[in-house]
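S.K.:
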Amino acid sequence: EAAVTQSPRNKVTVTGGNVTLSCRQTNSHNYMYWYRQDTGHGLRLIHYSYGAGNLQIGDVPDGYKATRTTQEDFFLLLELASPSQTSLYFCASGQSSYEQYFGPGTRLTVL
Amino acid sequence: SQWGEENLQALSIQEGEDVTMNCSYKTYTTVVHWYRQDSGRGPALIILIRSNEREKRSGRLRATLDTSSQSSSLSITAAQCEDTAVYFCATDDNNNRIFFGDGTQLVVKP
Chain B
354 EAAVTQSPRN KVTVTGGNVT LSCRQTNSHN YMYWYRQDTG HGLRLIHYSY
404 GAGNLQIGDV PDGYKATRTT QEDFFLLLEL ASPSQTSLYF CASGQSSYEQ
454 YFGPGTRLTV L
Chain S
341 SQWGEENLQA LSIQEGEDVT MNCSYKTYTT VVHWYRQDSG RGPALIILIR
391 SNEREKRSGR LRATLDTSSQ SSSLSITAAQ CEDTAVYFCA TDDNNNRIFF
441 GDGTQLVVKP
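Structure below.
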């Protein structure tokens with residue numbers, strides 16, 4: 354079974370704060386994705402990557418940076434967090450889009 | 341958005357009943373993914389149907405795809421309490437990314 358882990362699982366920060374969300378997959382998948390999920394909405398793609406050093410922009414990238422340091426690790430950076438970024442964040446990996454494996458999520462609150 | 345009018349946001353049924361969830365989409369896709377999300381967890385793929393399949397079954401699940409009307413459905417036969425979850429459909433842009441709908445919350449009561 355594909356394994357995707359995320360840390361932290363919960364994070365509270367203040368407006369203007371600096372936050373890094375981490376994701377690791379141990380399945381040698383090429384693709385990794387960052388999504389946000391808000392109440393009443395599906396998952397919206399922030400950034401994704403098809404390998405170390407690669408970054409692709411998703412549908413809601415404003416206010417987010419991301420970096421793929423290795424095949425396994427993908428980070429999401431919020432350099433000046435705002436209350437509008439309060440959300441549930443999911444990381445996923447996959448060899449292609451045909452099946453994405455999701456992590457357990459990180460709940461971020463920006464006060 | 342890739343999606344047209346979202347279908348029912350929430351459904352509540354009794355255990356043993358059959359249920360169908362529908363999705364419509366705006367743009368061309370060759371694949372429709374159906375994901376299930378249990379409370380407190382990330383989504384998980386439950387069935388994937390390609391444009392040349394029209395219908396696909398997996399256990400008590402049945403997915404259909406009508407590319408002419410740009411719509412897909414997911415049916416669950418004899419629903420059980422453990423089928424309670426949010427169900428998402430998603431289209432594929434053939435470039436290794438997918439677009440999720442807003443999801444349908446299904447509650448199966450004992």
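Each protein sequence line maps, in turn, to chains B and S. The working numbering runs 353 ahead of the 1-based position in the first sequence. The working numbering runs 340 ahead of the 1-based position in the second sequence. Quick reminder that beta carbons are idealized off the backbone N, C-alpha and C, glycines included.
#1: If we call anything under 8 Å between Cβ atoms a contact, is residue 447 of chain B one with residue 384 of chain B?
#2: So residue 457 of chain B contacts chain S; which residues on that side make the cut at Cβ distance below 9 Å?
#3: List, in chain order, every chain B residue whose beta-carbon is nearer than 7 Å to that of residue 441 of chain S.
#4: Hey, does residue 428 of chain B have any beta-carbon neighbour from chain S nearer than 8 Å?
#5: Let me see if you follow: with CB-CB separation under 8 Å, is residue 398 of chain B close to chain S or not?
#6: When the cut-off is 8 Å and only beta carbons count, does residue 449 of chain B lie next to chain C?
#7: For residue 359 of chain B, count neighbouring C-beta atoms within 10 Å of its own C-beta (all shown protein chains included) and say buried if the count is 16 or more, exposed if not.
#8: Near residue 370 of chain S, which residues of its chain fall below 8 Å by C-beta distance, leaving aside the five closest residues on each side in sequence?
#9: Find the residues of chain S that neighbour residue 384 of chain B, judging by a C-beta separation of less than 8 Å, and give them in chain order.
M.R.: With the given structure in hand:
#1: Numbered from its first residue, the first sequence carries residue 447 of chain B at position 94. Numbered from its first residue, the first sequence carries residue 384 of chain B at position 31. Closer than 8 Å, so yes.
#2: Taking the first residue of the first sequence as 1, we reach residue 457 of chain B at position 104. Within chain S, the residues near residue 457 of chain B are 380, 381, 382.
#3: Taking the first residue of the second sequence as position 1, residue 441 of chain S is located at position 101. Against chain B, a Cβ distance below 7 Å from residue 441 of chain S picks out 395.
#4: Start at 1 with the first residue of the first sequence, and residue 428 of chain B comes out as number 75. At least 8 Å separates the CB of residue 428 of chain B from every CB of chain S.
#5: Sequence index remark: in the first sequence, residue 398 of chain B carries index 45 (1-based). Taking Cβ atoms only, chain S reaches closer than 8 Å to residue 398 of chain B, which makes this a yes.
#6: The displayed structure is made up of protein chains B and S, and chain C is not among them.
#7: In the first sequence, residue 359 of chain B corresponds to position 6, counting from 1. Buried, because 16 or more other Cβ atoms sit within 10 Å of the Cβ of residue 359 of chain B.
#8: Taking the second sequence and counting its residues from 1, the one referred to as residue 370 of chain S is at position 30. Cβ within range, chain order: 390, 391, 432, 434.
#9: Indexing the first sequence from 1 puts residue 384 of chain B at position 31. Correct list: 436.
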